[in-house]
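Numbering (my numbering), first residue to last: 1 to 89. What follows is a set of notes on a single structure, which appears directly below.
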């Protein structure tokens with residue numbers, strides 16, 4: 001199995017725009033390695049995150065990166081185009 005590499009684009013701008021807050025729910029429809037999601041949860045450890053990715057390798061990498069956030073993270077193997085179905089699960 002190859003190691004997953006991904007570089008998050010504009011992380012400071014994303015966090016500034018989102019203003020992460022505890023108690024909110026965030027959806028990352030193209031989770032990748034979980035870079036942006038990790039930053040969200042660092043800023044707001046009481047937030048909840050749903051991460052979707054169709055790449056199993058990326059999902060596994062994100063799972064490792066986000067493991068410390070425990071039950072605040074739900075990872076879904078799928079496509080963001082099916083987000084309504086994933087949120088209903």
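Each residue gets a CB set at the ideal place from its N, CA and C atoms; glycine is no exception.
Report the partner residues of residue i according to the DSSP bridge assignment.
| i | result |
| --- | --- |
| residue 73 | 49 |
| residue 28 | 51 |
Taking residue i as part of the beta strand (DSSP E), name the residues at either end of that continuous run.
| i | result |
| --- | --- |
| residue 7 | Element bounds for residue 7: n/a, residue is neither H nor E. |
If you follow the alpha helix (DSSP H) that residue i is part of, which residue opens it and which one closes it?
| i | result |
| --- | --- |
| residue 59 | 56-66 |
| residue 35 | 35-43 |
| residue 88 | 83-88 |
With residue i and residue j assumed to form a contact (beta carbons below 8 Å), what rounded beta-carbon distance in angstroms separates them?
| i | j | result |
| --- | --- | --- |
| residue 22 | residue 46 | 3 Å |
| residue 38 | residue 74 | Residue 38 to residue 74, Cβ: 15 Å. No contact. |
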